[in-house]
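Heads up: the structure comes next, in structure tokens.
Residue numbers (our numbering), protein chains in the order written: chain A, 725 to 1071; chain B, 13 to 254.
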């Protein structure tokens, strides 16, 4: 990533060795719809591969953790490209549906496109099978889609953060109308076979925040009515989930992850403070603090912080906050503390 | 830029002192399918207009191939794309985009919107992830609501909607200037006035004059395309020819 650039590691694509019989037909630039075959045919064509004359963007700080109130995901917004800030307001946390977010790290184009592909595949699964793919399933799907590109310089390190919702079918509730837990920005599915009724809730991404502590969302949270969660069979099939998926094949479930060049600094802040029993304001301010400290020390992270909070009702987004102000506030706090300590010493 | 860096490395070596100028053995020079032809592109989005501007110099190494090779290409009545980098890839990419636009028009009976063109370009560029088009693209146009939109790309397809963006050889010099003048960044206590069309065009001209002063690959002439709901207007302004 950014460390790679700094240490001068040569960024050449490795020779592509695998041959898939289906892919030996020449790739026509027009046929970009069937992306898998066109990409794998590319990987078998030229050898030795050509060196790219330009650098790709890398370097970031993203983090996510689970606590009793849901999942918090936070990231900085700087997209850097070998020493130049390509974009000071990139968006690194992309919502896939109302209960799944993906944080992106690694090469910007790879992350953007692969998450688009993942969103498409999850939606297709939902249309074909009449139910939403679980977070575990989504992580496995992304990992398996990235596997053919292992060894090439596709670089995707994503944290899938979400809340698995146990679905309740109408027939279990005999006449009671059940509102399914929000279908996010996708349109309502109308599968011919399953008689699940659902209402589509309108979504708007922005969530206005008055101050640090109050998560007062103007956007309507998806209403949960008439659903009795204690009836759902397996407790740990639903609830908050966090998966780390990497293009080298790693797929890990966990409760705290931080990815990117600024992750060591973020881990330092988070490892000391994250507990299951945090309340919402503490968790939000902790995530913000971790990103702020990482952007302060890591050159490749910076600008603003994006914060998302996922609960059973869906995700809620805080306004993007510029960390420049935070730096000044922090300096004042340090100066005030210094003054108070010197006054105490005098006494 | 790339070639001067290579030549610098060959003459000066690693520690900055001049290298010994003698034959040290055979050196393998690989054929590179890429070459850098210079040029700068800029796009600014306003309330109801968008401006895409580029210089018209086509260079390679120490030579100038042409002084009249603009880098803005008109795609539809509401969208203009600026491509700089390797000229061969720019030409092919614009041909491919034109063909895809025609196919879309014939099957859907309407022109592609700016946002749709941006998404399509992203997938076209990523389709060549392992042998990329060496082109820095910026699309400027009007979105469905008639507001100005600028989409900036990296060579492999990552894109983002912006208010203003500079790309190409002088982009590192122009982007901070635009951040200051249009984004009002790094200025304290300044009223944020919205940009009107005349001020934006004048700003673009000034900015390119500065770029031509300091970047060797930018100069000769400036081609400005102004996109409004009435259509696309083109203006050419001379720049330094040295």
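Built from N, CA and C at the ideal position, the CB exists for glycine as well.
Scan the stretch 167-190 of chain B for residues whose Cβ lies nearer than 7 Å to a Cβ of chain A and list them as they occur along the chain. 167, 168, 169, 170, 172, 184
Using a C-beta cutoff of 8 Å, does residue 229 (chain B) count as contacting chain A? On the second chain, position 217 is the one that residue 229 (chain B) refers to. Chain A, which has no Cβ nearer than 8 Å to the Cβ of residue 229 (chain B), makes this no.
For my contact list, residue 785 (chain A) and residue 1027 (chain A) are in at a C-beta cut-off of 8 Å; report their separation, rounded to the angstrom. Residue 785 (chain A) sits at position 61 when you count from the first residue of the first chain. Residue 1027 (chain A) sits at position 303 when you count from the first residue of the first chain. Going by Cβ atoms, the distance from residue 785 (chain A) to residue 1027 (chain A) rounds to 11 Å, so no, they are not a contact pair.
Chain-order list of residues whose beta-carbon lies under 6 Å from that of residue 945 (chain A) (same chain, five-residue window excluded): Your numbering for residue 945 (chain A) matches position 221 in the first chain. In this prediction, residue 945 (chain A) has a pLDDT of 41, which is less than 50 and means its spatial position is unreliable; what the coordinates show is noted afterwards. Contacts found: 1037.
Under 9 Å between beta-carbons, which chain B residues line up against residue 808 (chain A)? List them in chain order, please. In the first chain, counting from the first residue as 1, residue 808 (chain A) sits at position 84. Within chain B, the residues near residue 808 (chain A) are 183, 184, 187.
Just to check my reading of the structure: residue 976 (chain A) and residue 886 (chain A) have Cβ atoms closer than 8 Å, yes? What is that Cβ distance to the nearest angstrom? Translated into positions along the first chain, residue 976 (chain A) becomes position 252. Translated into positions along the first chain, residue 886 (chain A) becomes position 162. 15 Å between Cβ atoms; not a contact.
Cβ distance (whole Å) where residue 990 (chain A) is taken to contact residue 982 (chain A) below 8 Å: On the first chain, position 266 is the one that residue 990 (chain A) refers to. On the first chain, position 258 is the one that residue 982 (chain A) refers to. Sure, about 4 Å apart at Cβ, within 8 Å.
Cβ-Cβ separation, residue 71 (chain B) to residue 256 (chain B) (assumed contact under 8 Å), whole Å: Residue 256 (chain B) lies beyond the range of chain B shown here (13 to 254); nothing can be said about it.
Go ahead and pull the three-state DSSP assignment for residue 796 (chain A). Looking up residue 796 (chain A) in the first chain gives position 72. In this structure, residue 796 (chain A) counts as strand in the three-state DSSP scheme.
Taking the straight line between their C-alpha atoms, what separation do you get for residue 86 (chain B) and residue 807 (chain A)? Along the second chain, read from residue 1 onward, the residue named residue 86 (chain B) stands at position 74. Along the first chain, read from residue 1 onward, the residue named residue 807 (chain A) stands at position 83. If I take the Cα positions, the gap works out to 32 Å.
With 7 Å as the C-beta to C-beta threshold (strictly closer), list the residues of the stretch 814-845 of chain A near chain B in chain order. 814, 832, 833, 836, 837
Going by alpha carbons, who is nearest to residue 144 (chain B) out of B:197, B:208, B:100, B:254? Here residue 144 (chain B) refers to the residue found at position 132 when the second chain is read from its first residue. Answer by Cα proximity: B:100.
Since residue 143 (chain B) sits in a beta bridge, which residues does DSSP pair it with? Taking the first residue of the second chain as 1, we reach residue 143 (chain B) at position 131. DSSP, once it has assigned bridges, lists no residue as partnering residue 143 (chain B).
Continuous beta strand (DSSP E) stretch holding residue 220 (chain B): start and end: Here residue 220 (chain B) is taken as the residue at index 208 of the second chain, counted from 1. Careful: residue 220 (chain B) lies outside any beta strand (DSSP E), inside the alpha helix (DSSP H) at 209-226.
Straight-line gap, residue 150 (chain B) to residue 93 (chain B) (C-alpha atoms, nearest Å): On the second chain, position 138 is the one that residue 150 (chain B) refers to. On the second chain, position 81 is the one that residue 93 (chain B) refers to. Computed Cα separation, rounded: 6 Å.
Rounded to whole angstroms, what's the CA-CA distance from residue 114 (chain B) to residue 174 (chain B)? Just pull it up for me. In the second chain, counting from the first residue as 1, residue 114 (chain B) sits at position 102. In the second chain, counting from the first residue as 1, residue 174 (chain B) sits at position 162. Taking the straight line from one Cα to the other gives about 26 Å.
Enumerated in chain order, which unbroken segments of the beta strand (DSSP E) with a length of 3 residues or greater are wholly contained in the stretch 976-1045 of chain A? 980-983, 1028-1035, 1038-1041
When you compare the CB positions of residue 184 (chain B) and residue 79 (chain B), do they come within less than 8 Å of one another, or not? Taking the second chain and counting its residues from 1, one reaches residue 184 (chain B) at position 172. Taking the second chain and counting its residues from 1, one reaches residue 79 (chain B) at position 67. Against a cut-off of 8 Å, the Cβ pair of residue 79 (chain B) and residue 184 (chain B) comes out as no contact.
Which term fits residue 974 (chain A), buried or exposed, when burial requires 16 or more other beta carbons within 10 angstroms of its beta carbon? Along the first chain, read from residue 1 onward, the residue named residue 974 (chain A) stands at position 250. By the neighbour-count rule (16 or more Cβ atoms within 10 Å), residue 974 (chain A) is not buried but exposed.
Going by DSSP, what residue range makes up the alpha helix (DSSP H) through residue 60 (chain B)? By one-based count along the second chain, residue 60 (chain B) stands at place 48. From DSSP, residue 60 (chain B) is part of no alpha helix (DSSP H); its letter is neither H nor E.
Residues sharing a beta bridge with residue 95 (chain B), DSSP: Along the second chain, read from residue 1 onward, the residue named residue 95 (chain B) stands at position 83. In DSSP, residue 95 (chain B) forms a bridge with B:149.
Quick check: the Cα distance between residue 147 (chain B) and residue 186 (chain B), rounded to an integer number of angstroms? The residue you call residue 147 (chain B) lines up with position 135 of the second chain. The residue you call residue 186 (chain B) lines up with position 174 of the second chain. Using only the alpha carbons, I get a separation of about 18 Å.
Does DSSP classify residue 885 (chain A) as helix, strand or coil? Here the question's residue 885 (chain A) lines up with position 161 in the first chain. Residue 885 (chain A): strand per DSSP, three-state reduction.
How about residue 138 (chain B): is its C-beta nearer than 8 Å to some C-beta of chain A? For the purposes of this step, residue 138 (chain B) is taken as the residue at position 126 of the second chain. Chain A contact via Cβ: present.
With 16 other CB atoms within 10 Å as the buried threshold, where does residue 42 (chain B) fall? As a first step, residue 42 (chain B) must be located in the second chain, where it is residue number 30. Residue 42 (chain B) should be labelled exposed.
Please report how far the alpha carbon of residue 987 (chain A) lies from the alpha carbon of residue 1051 (chain A), in whole angstroms. Against the first chain, residue 987 (chain A) aligns to sequence position 263. Against the first chain, residue 1051 (chain A) aligns to sequence position 327. Between residue 987 (chain A) and residue 1051 (chain A), the C-alpha separation is close to 19 Å.
Taking all protein chains shown into account, do 16 or more other C-beta atoms lie within 10 angstroms of the C-beta of residue 965 (chain A), making it buried, or fewer, making it exposed? Position 241 of the first chain holds residue 965 (chain A). Per the 10 Å Cβ criterion, buried.
If you measure from the CB of residue 210 (chain B), is any heavy atom of the ligand ATP nearer than 7 Å? Ligands are entirely absent from the displayed structure, and the ligand ATP is therefore not among its contents.
Alpha carbon to alpha carbon, how far is residue 153 (chain B) from residue 230 (chain B)? Give it in angstroms, no decimals. Mapped onto the second chain, residue 230 (chain B) falls at position 218. Mapped onto the second chain, residue 153 (chain B) falls at position 141. Spanning the two alpha carbons is a distance of roughly 24 Å.
By how many angstroms is the C-alpha of residue 88 (chain B) removed from the C-alpha of residue 122 (chain B)? The residue labelled residue 122 (chain B) in the question sits at position 110 within the second chain. The residue labelled residue 88 (chain B) in the question sits at position 76 within the second chain. Taking the straight line joining both Cα atoms gives about 11 Å.
With 8 Å set as the bound, which would you pick, yes or no: does the beta-carbon of residue 801 (chain A) sit closer than that to a beta-carbon of chain B? Your numbering for residue 801 (chain A) matches position 77 in the first chain. No, residue 801 (chain A) lies away from the interface with chain B (no Cβ there is under 8 Å from its Cβ).
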